[in-house]
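For reference, the structure is listed below as structure tokens.
Residue numbers (the working numbering): 5 to 218.
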């Protein structure tokens, strides 16, 4: 059985992108949420988009963004997919998919079984579900905090859409996560950093190796 797809999220520099490519990841995440320490300015996006061309699937990460912001980022970063990490409901996901003609990923924040079931509402309006850990009330960011949830909640999940796993993943636990959930994609950000927003090439390499050989 082939290993899962691997997304390194929150890449902001050419060096980090080079490490992602060399580690044979499949996807790169460009974060367009300004409060994040991994925020990618539009002016810096075209160079990274060109570097990733033909090597990685480019996924833009957004939190309740309007159409203008989405359009600017889609153009600047030549996005292949739009990841919705806010409170976007199925109707909003459908509208974005129709307007931009890109694959739409919806992040579902998970703390318990009822949260996992919310993914079913996006059948037919999104293309992919990403299960992530629910952040504490009052948190400044909706993700990227290194938090995990109980992966057993996904062990028997048979939803209508393909799905991936995020939240609290690291080189140390990614193999366990892959084996325990059977996920088709794993998404990591803070787990391969030496400081918030600073990607570490060795951690990226080890993460990808451990994921593929789980």
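Idealized CB from N, CA, C, for every residue including glycine.
Being a predicted model, the structure only gives us computed values, none of them experimental.
Could you tell me the alpha carbon to alpha carbon distance between residue i and residue j, rounded to whole angstroms?
i, j, result
"residue 217", "residue 208", "14 Å"
"residue 88", "residue 51", "23 Å"
"residue 98", "residue 108", "8 Å"
"residue 123", "residue 134", "9 Å"
"residue 188", "residue 40", "26 Å"
"residue 119", "residue 127", "15 Å"
"residue 35", "residue 79", "14 Å"
"residue 215", "residue 95", "34 Å"
"residue 157", "residue 21", "32 Å"
"residue 138", "residue 163", "19 Å"
"residue 8", "residue 85", "18 Å"
"residue 213", "residue 125", "34 Å"
"residue 32", "residue 165", "21 Å"
"residue 201", "residue 102", "32 Å"
"residue 100", "residue 136", "21 Å"
Assign residue i to buried or exposed, taking buried as 16 or more other Cβ atoms, counted over all protein chains shown, within 10 Å of its Cβ.
i, result
"residue 62", "buried"
"residue 198", "exposed"
"residue 195", "buried"
"residue 203", "buried"
"residue 92", "buried"
"residue 70", "exposed"
"residue 6", "exposed"
"residue 176", "exposed"
"residue 185", "buried"
"residue 27", "buried"
"residue 121", "exposed"
From the DSSP output, in three-state form, read off residue i for me.
i, result
"residue 15", "coil"
"residue 129", "coil"
"residue 36", "coil"
"residue 153", "coil"
"residue 9", "strand"
"residue 64", "strand"
"residue 193", "coil"
"residue 188", "coil"
"residue 106", "coil"
"residue 122", "helix"
"residue 136", "strand"
"residue 90", "coil"
"residue 56", "helix"
"residue 30", "coil"
Would residue i and residue j be called neighbours here (beta carbons separated by less than 8 Å)?
i, j, result
"residue 191", "residue 11", "yes"
"residue 67", "residue 37", "yes"
"residue 49", "residue 72", "no"
"residue 81", "residue 64", "yes"
"residue 25", "residue 74", "no"
"residue 211", "residue 178", "yes"
"residue 23", "residue 181", "no"
"residue 83", "residue 110", "no"
- request: Examine the Cβ distances between the region 42-62 and the region 7-16 and report whether three or more of them are shorter than 8 Å.
  value: Using a C-beta cut-off of 8 Å, the region 42-62 makes contact with the region 7-16, since at least three inter-stretch Cβ pairs fall below that distance.
task: Taking 8 Å as the threshold, find out whether the region 152-171 comes into contact with the region 104-118 through three or more Cβ pairs.
output: Taking 8 Å as the limit for Cβ pairs, the verdict is that the region 104-118 does touch the region 152-171.
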